[in-house]
Amino acid sequence: MKRRVNFLLVAMASVLMCQAQKPIVQTCYTSDPAPMVYKDTFYVYTGHDEDGQHKEFVMNEWRVYKSADMVNWTDCGAPLSLETFKWAEWGAWASQCIERNGHFYWYVCCTSRQTHEMAIGVAVADSPTGPFVDPLGHPIVEGSGGYIDPTAFVDSHGDAYLYWGNPGLWCCKLNKDMISYDTSFEIKGKHVTKVKDGVWKFVQDEESFGGPEVLEPNTKPVDYKDLYEEGPFFYERDGKYYLMYAAGGVPEHIAYSMSKKPTGPWKYMGQVMRLQDANGNIIRSQDTWCWTNHAGVAKFKGNDYFVFHCGRLPGGSGFNRAVAIQKFSYNADGTIPEIILSQEPLESVGALNPFKRVEAETMAWSEGLKTESNKHVGVYVTDIQNGDYLQLRNVDFSRAAKTMEARVASSQHGGQIEVHLDSTDGKTIAKVEVPITGGWEDWTTVSVPVTETIIGKHDIYLVFKGRMCTKLFNFDYWQFK
């Protein structure tokens, strides 16, 4: 929603040039990220912008990606789609998944067939990657409009809250079952208004969110610090509550507010990520690479990470977005520094073991590839053509490898997988000849000798070769032995 408002760019106490990573997924367009850390793995739950030059959001499913080292990301597929919710009509927009007591609750928004308005739904699983089911058969909460972009959090007192909304901001308190809300929940104060039993709407003003919810039409424009727009991300840190959100109308930047209580009143704290071009240059009038943003934060292996979306893939736009991550550090007083884009990659916080099975859909970077999935092998790499490649970072050859095996399938031409050290044209240490197997899902395992003695940590590049301008083969996994 575009608002006719001028806003002041707020000077923040400190500016941090953060480490950045290119988009973590290159095999499709991803959007509206929500991070979650569970045990020793960093998960990112995303929307999926379908390929094509669209003039609207074309989104039918939600996807999951995971990493143990923050540089190599595994595509876990799309365990949730509009088909999961029989009441859903269209629009698999922003979502968030959280864990409680070993169960995973994925809160989503999509249009209801009954009301034709956006509504909030929830799906439940016993694993962070599913399978997820809709336990209700209807939305957990719905209203007359603006019910999008849910964010949920269980605080240090064991209370769970659900926030959502554009351009308004609503809140309810979840029951222990996490799939219903407490209709007796009350919030006291002038900073909220009651919508219905258990559902409250926040009053937006300059003190709490930098500006009002909406300016009345045909009124004299007023300069405000900021405006809440959409995409809230709610969390607690060191006894302080944070609400991060897309702000300023379209094009959007990221701002945040803080509170001593989970239900406010909120205090506007400033902008986290201002409008920037692809090189990190601050711009004021337009966003040249993506006109929306959606962000979240999570702590993993001692580091804090800021997750957002942009348009930094080929063909990227406001309807073809890409999820990216930057490392940052809080200021000493708990405030968030301004985050400026950098071209530097994230540092690895772990090593990849090549002597354990590695899924082909695990990659730090790729060119030209897509992923698909089926019930037999799960997610696999496809659409492989001559010259395509995938990179893996910080691969730890703790001992000399003797052989490499790859699980592949090809209907027509076959091809080769060349394994190079440290660059696409680096030393070749193995070469897999992929045969014609009889079908795209007729899988075979090919084992070949490793031709060089390699010890230590390296990046490796799997470079695909074969007949020009045609699909060569599908690729399920690989492993050194």
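Under mature numbering (1 follows the signal peptide of the UniProt record, and there is no 0), the residues of the sequence shown are numbered -20 to -1, 1 to 461, in order.
Quick reminder that beta carbons are idealized off the backbone N, C-alpha and C, glycines included.
Helix, strand or coil for residue i per DSSP?
i: Thr64; result: helix
i: Glu413; result: strand
i: Asp456; result: strand
i: Glu79; result: strand
i: Phe288; result: strand
i: Pro429; result: strand
i: Ala103; result: strand
i: Met(-4); result: Residue placement at Met(-4) is flagged as unreliable, the pLDDT there being 34, under the threshold of 50; the coordinate-derived value follows with that caveat. DSSP places Met(-4) in strand when its eight states are reduced to three.
i: Ala140; result: strand
i: Met224; result: strand
i: Leu401; result: strand
i: Val150; result: Position check: residue 150 holds Trp in this sequence, whereas Val was assumed. Note: Trp150 maps to strand in three-state DSSP.
i: Thr163; result: coil
i: Ser297; result: strand
i: His393; result: coil
i: Lys407; result: coil
i: Ala132; result: strand
i: Pro449; result: A quick correction: the sequence has Cys, not Pro, at residue 449. Coil at Cys449, not helix or strand.
i: Lys247; result: strand
i: Asp267; result: Any answer about Asp267 is weak, because its pLDDT of 43 lies below 50 and its placement is not dependable; what the coordinates show is given next. Note: Asp267 maps to coil in three-state DSSP.
i: Arg(-17); result: Its pLDDT being 26, under 50, Arg(-17) is placed unreliably by the model, and the measurement read from it follows with that caveat. Arg(-17): coil per DSSP, three-state reduction.
i: Tyr127; result: coil
i: Ile435; result: coil
i: Arg254; result: coil
i: Lys176; result: strand
i: Met39; result: coil
i: Leu116; result: coil
i: Trp86; result: strand
i: Val230; result: coil
i: Met98; result: strand
i: residue 478; result: An answer regarding residue 478 cannot be provided, because it is not within the stretch -20 to 461 covered by the chain.
i: Asn366; result: coil
i: Asp203; result: strand
i: Glu122; result: strand
i: Val44; result: strand
i: Val183; result: coil
i: Thr272; result: coil
i: Asn283; result: strand
i: Thr91; result: strand
First and last residue of the beta strand (DSSP E) that includes residue i?
i: Phe209; result: Phe is not the amino acid found at residue 209; the sequence shown has Glu there. Run containing Glu209: 208 to 217, per the beta strand (DSSP E) assignment.
i: Glu341; result: Element bounds for Glu341: n/a, residue is neither H nor E.
i: Glu385; result: 383 to 389
i: Thr109; result: Taken as a continuous stretch (DSSP letters only), Thr109 belongs to no beta strand (DSSP E), as it is neither H nor E.
i: Val24; result: 21 to 29
i: Trp53; result: 53 to 55
i: Phe308; result: 302 to 308
i: residue 518; result: Since the first residue shown for the chain is -20 and the last is 461, residue 518 is missing from the structure and cannot be characterised.
i: Leu332; result: Unbroken run through Leu332: none, as it is neither H nor E.
i: Glu318; result: 318 to 320
i: Ser11; result: 9 to 18
i: Arg373; result: 369 to 377
i: Ala278; result: 276 to 280
i: Ser353; result: 350 to 354
i: Val359; result: 358 to 362
Could you round the C-beta distance between residue i and residue j to whole angstroms and report it? I think they count as a contact, below 8 Å.
i: Val357; j: Thr351; result: Not a contact, Cβ separation roughly 11 Å.
i: Tyr457; j: Arg379; result: Rounded, the Cβ-Cβ distance is 20 Å, inconsistent with contact.
i: Lys451; j: Asp363; result: 6 Å
i: His274; j: Ala226; result: 6 Å
i: Tyr204; j: Leu223; result: Not really, about 18 Å apart at Cβ, beyond 8 Å.
i: Ile397; j: Leu442; result: 6 Å
i: Pro108; j: Phe84; result: 5 Å
i: Asp206; j: Tyr143; result: Not really, about 18 Å apart at Cβ, beyond 8 Å.
i: Gln256; j: Ile234; result: Incorrect: roughly 11 Å between the Cβ atoms, too far for contact.
i: Val102; j: Val113; result: Between Val113 and Val102 the Cβ distance is about 10 Å, and since that is not below 8 Å, they are no contact.
i: Ile128; j: Glu210; result: 7 Å
Looking at the unbroken alpha helix (DSSP H) that takes in residue i, where does it start and where does it end?
i: Ser188; result: 186 to 189
Can you determine whether any heavy atom of the ligand COA sits closer than 7 Å to the C-beta of residue i, and answer yes or no?
i: Cys270; result: The ligand COA is absent from the structure shown, which contains no ligands of any kind.
Using 8 Å as the limit for Cβ to Cβ distance, is residue i near chain D?
i: Asp284; result: Included in the structure is just one protein chain, with no chain D present.
Specify whether the region 216 to 228 and the region 239 to 257 touch according to this definition: at least 3 beta carbon pairs, one from each stretch, less than 8 Å apart.
yes
Examine the Cβ distances between the region 122 to 140 and the region 49 to 57 and report whether three or more of them are shorter than 8 Å.
no
Could you tell me whether the region 415 to 428 touches the region 369 to 376, where touching means 3 or more Cβ pairs closer than 8 Å?
no
Are three or more beta carbon pairs between the region 4 to 11 and the region 301 to 320 nearer than 8 Å?
Contact holds: three or more Cβ-Cβ distances are below 8 Å.
So, does the region 452 to 461 touch the region 373 to 386, judging by three or more C-beta pairs under 8 Å?
yes
The region 315 to 334 in contact with the region 55 to 69 per 3-pair CB rule at 8 Å
no
The region 156 to 170 in contact with the region 112 to 127 per 3-pair CB rule at 8 Å
yes
For the region 137 to 151 against the region 182 to 189, do three or more pairs of beta-carbon atoms, one drawn from each stretch, fall closer than 8 Å, so that the two count as touching?
yes
Spell out a yes or no on whether the region 35 to 46 and the region 66 to 73 are touching, meaning 3 or more CB-CB pairs, one atom from each, closer than 8 Å.
Touching, per the Cβ criterion.
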